[in-house]
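Quick note: the sequence shown uses the UniProt record's numbering, first residue 1, plus one each step.
By construction, the Cβ of each residue, glycine as well, lies at the ideal position given by its N, Cα and C atoms.
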Amino acid sequence: MPRQISYRWRLRELMAARGMFTVAELMPHLTERGITLSSSQVHRLVSGTPERLSLPVLATLCDILDCTPTDLIATSAQNFPARRAAGEEAPINLAARRPARVRLTPEG
1 MPRQISYRWR LRELMAARGM FTVAELMPHL TERGITLSSS QVHRLVSGTP ERLSLPVLAT
61 LCDILDCTPT DLIATSAQNF PARRAAGEEA PINLAARRPA RVRLTPEG
């Protein structure tokens, strides 16, 4: 059965919980720890959901926000039923194919 994995990037939430509301407030903390990113890169990191993230940046964000990667990235997984292959027969539901019995009433 296939699984769909999704995640939610919570950087903005964790920053707000620690009193940081702008990119400008986060940048000096990154620079102190040796991470040099442009303001536009940090803005994309804060406002969007990154598809790729280097481990040094992740570790630095965790250090700045005093959190774990699990706090920054909330994951969820959901099972989906397998799709039928083309030409594959679906199981036949006989109850759905059986006609309903007709009741005849006298004309009157």
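| Query | Result |
| --- | --- |
| Can you have a look at I64 and say buried or exposed, based on whether 16 or more other CB atoms are within 10 angstroms of its CB? | buried |
| Check the DSSP bridge columns for A77 and list the partner residues they point to. | I5 |
| Which class does R97 belong to by DSSP, given the choice of helix, strand or coil? | helix |
| So, V42 versus L61, is the Cβ gap smaller than 8 angstroms? | no |
| So within the UniProt domain "HTH cro/C1-type" (10-76), which uninterrupted alpha helix (DSSP H) runs reach at least 4 residues, ignoring any that extend past its ends? | 11-17, 23-32, 39-47, 55-65, 69-72 |
| Around the Cβ of V23, are there at least 16 other Cβ atoms within 10 angstroms (buried) or fewer (exposed)? | buried |
| By the 10 Å Cβ neighbour count, where 16 or more other Cβ atoms means buried, how is L94 classified, buried or exposed? | exposed |
| Output needed for A77: all residues of its chain with C-beta closer than 6 angstroms, excluding positions within five of it in sequence on either side, in chain order. | R3, I5 |
| Leaving out the 5 sequence neighbours to the left and right, which residues in its chain are closer than 8 angstroms to R33 when beta-carbon positions are compared? | T60, D63, I64 |
| Grab me the residues of M27's own chain with a C-beta within less than 7 angstroms of its C-beta, minus the 5 sequence neighbours each way, in chain order. | S39, V42 |
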